[in-house]
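Written below as structure tokens is the structure these notes are about.
Number of protein chains: 2
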Amino acid sequence: MDEPLKVMHVIQSELYAKFFQGLSNPVRYRIVELLLDGEKSVGELVNTLGASQSQISNHLACLKWCGYVSSRQDGKYVYYQITDKRVSQIMELARQVVADNAAHINSCTRM
Amino acid sequence: MDEPLKVMHVIQSELYAKFFQGLSNPVRYRIVELLLDGEKSVGELVNTLGASQSQISNHLACLKWCGYVSSRQDGKYVYYQITDKRVSQIMELARQVVADNAAHINSCTRM
DNA sequence: TCATTATATCATGAAATTATGATATGTTAT
DNA sequence: ATAACATATCATAATTTCATGATATAATGA
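Which chain is which? The protein sequence lines are A and B, in order. In terms of the numbering used here, the first sequence is residues 1 to 111. In terms of the numbering used here, the second sequence is residues 1 to 111.
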């Protein structure tokens, strides 16, 4: 047991799972959604989402690490944007699948 | 505050976040990956993944609720499969994005 | 320089997710 | 009918994620 191949698969799947974890939080999902409309500063996101500044900053850091967003600084403002077109493709596919399964998803109390 | 529009956005994003939560666990991700190769019984997944039977069954229930997989029963066996082509498209896009960001993702200790 | 504003970081408690072990359900074969 | 096997369900404990509040860093303007 514990063959090298299996170990590799475990590590790989942890990587991908972590990637999807980026969109598995409502606030982070909403941030990505807003950024698809164009870059926004941290403050703008805080205002729009009505969440605390530290919360937004933390989530942005997470999204940046996962490769969903990038950022640029302009004076004391930091603007976040989505540069990878594949991110919006993933979101759109999810939208379609969810549309066909909305009724089920909300009832998932298992985990 | 608490305008109807914002409430709707919150509910929507919770739905989508829950959907992505399906792939945000290494075991569930691995299950989907294996099923992309063709349908498998619960027992086969248990053997291949080396996880407990209850764990696999629970994860499968979760994936089913999210619309990632469907199942058919044949005698005492239950076979799970991926019917929605968009699931594999999402996986492939993720694979590409992760490939460009692998170094960063693993260092995401924030959350 | 000092005050103000914008953003980032971090410790901690609260809440949610997950694995485990036990048990239940259902099917097949004897 | 009952034993054996496959799968599902569920309570609970362990782990992880998350929000909060406090503090730090950094840029701008007075």
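Ideal placement from N, C-alpha and C gives every residue a C-beta, glycine not left out. In this text the structure is predicted, and so the values were computed from the model without any measurement.
Inter-residue Cα distance where the pair is residue i and residue j
i: residue 39(B); j: residue 65(B); result: 17 Å
i: residue 97(A); j: residue 84(B); result: 8 Å
i: residue 36(B); j: residue 75(A); result: 48 Å
i: residue 7(A); j: residue 101(B); result: 21 Å
i: residue 93(A); j: residue 89(B); result: 8 Å
i: residue 10(B); j: residue 4(A); result: 43 Å
i: residue 17(A); j: residue 25(A); result: 13 Å
i: residue 14(A); j: residue 99(B); result: 14 Å
i: residue 1(A); j: residue 82(B); result: With a pLDDT of 44 at residue 1(A), under the threshold of 50, the modelled position of this residue cannot be trusted, and the question is left open.
i: residue 73(A); j: residue 73(B); result: 56 Å
i: residue 95(A); j: residue 44(A); result: 25 Å
i: residue 91(A); j: residue 91(B); result: 12 Å
Host beta strand (DSSP E) of residue i (start-end)
i: residue 10(B); result: Run containing residue 10(B): none in the beta strand (DSSP E); it sits in the alpha helix (DSSP H), 4-21.
i: residue 46(B); result: Counting along the chain, residue 46(B) falls outside any beta strand (DSSP E), though it belongs to the alpha helix (DSSP H) covering 42-49.
Own chain, CB closer than 8 Å to residue i, minus 5 neighbours either side, in chain order
i: residue 42(B); result: 53, 56, 57, 60, 77, 78, 80
i: residue 49(A); result: 27, 30, 31, 34, 56
i: residue 19(A); result: 66, 67
i: residue 160(A); result: An answer regarding residue 160(A) cannot be provided, because it is not within the stretch 1 to 111 covered by chain A.
Partner residues on chain B for residue i, Cβ-Cβ distance less than 8 Å
i: residue 13(A); result: 26, 27, 29, 30, 33
i: residue 120(A); result: Residue numbering for chain A in the displayed model covers 1 to 111; residue 120(A) lies beyond these limits and cannot be assessed.
Own chain residues within Cβ distance below 7 Å of residue i, not counting five before or after
i: residue 71(B); result: 64, 78, 79, 80
i: residue 51(B); result: 27
i: residue 62(A); result: 22, 28
i: residue 111(A); result: For residue 111(A), the pLDDT reaches just 49, beneath the cut-off of 50, and the residue's location in the model is therefore unreliable, although a value from the coordinates is still provided. Result list for residue 111(A): empty, nothing under 7 Å.
Under 9 Å by beta carbon: chain A residues contacting residue i
i: residue 97(B); result: 19, 66, 67, 68, 84, 86, 87, 90
i: residue 94(B); result: 16, 19, 20, 86, 90
i: residue 7(B); result: Residues of chain A passing the Cβ test: none, with the nearest at roughly 11 Å.
Cβ neighbours of residue i in the same chain (closer than 6 Å, five flanking residues each side left out)
i: residue 68(A); result: 22, 32, 87
i: residue 12(B); result: none
Interface partners of residue i on chain A, CB under 8 Å
i: residue 100(B); result: 67, 84
i: residue 46(B); result: None at all; the shortest Cβ gap to chain A is about 14 Å.
For residue i, the first and last residue of its enclosing alpha helix (DSSP H)
i: residue 29(B); result: 26-35
i: residue 57(B); result: 53-66
i: residue 92(A); result: 85-99
Residue i - partner residues in DSSP beta bridges
i: residue 78(B); result: 73(B)
Proximal chain A residues relative to residue i, where beta-carbon distance stays under 7 Å
i: residue 23(B); result: 17, 20
Chain B residues whose Cβ lies nearer than 9 Å to that of residue i
i: residue 78(A); result: The premise fails here: residue 78(A) is roughly 16 Å from chain B at the closest Cβ pair, so nothing lies under 9 Å.
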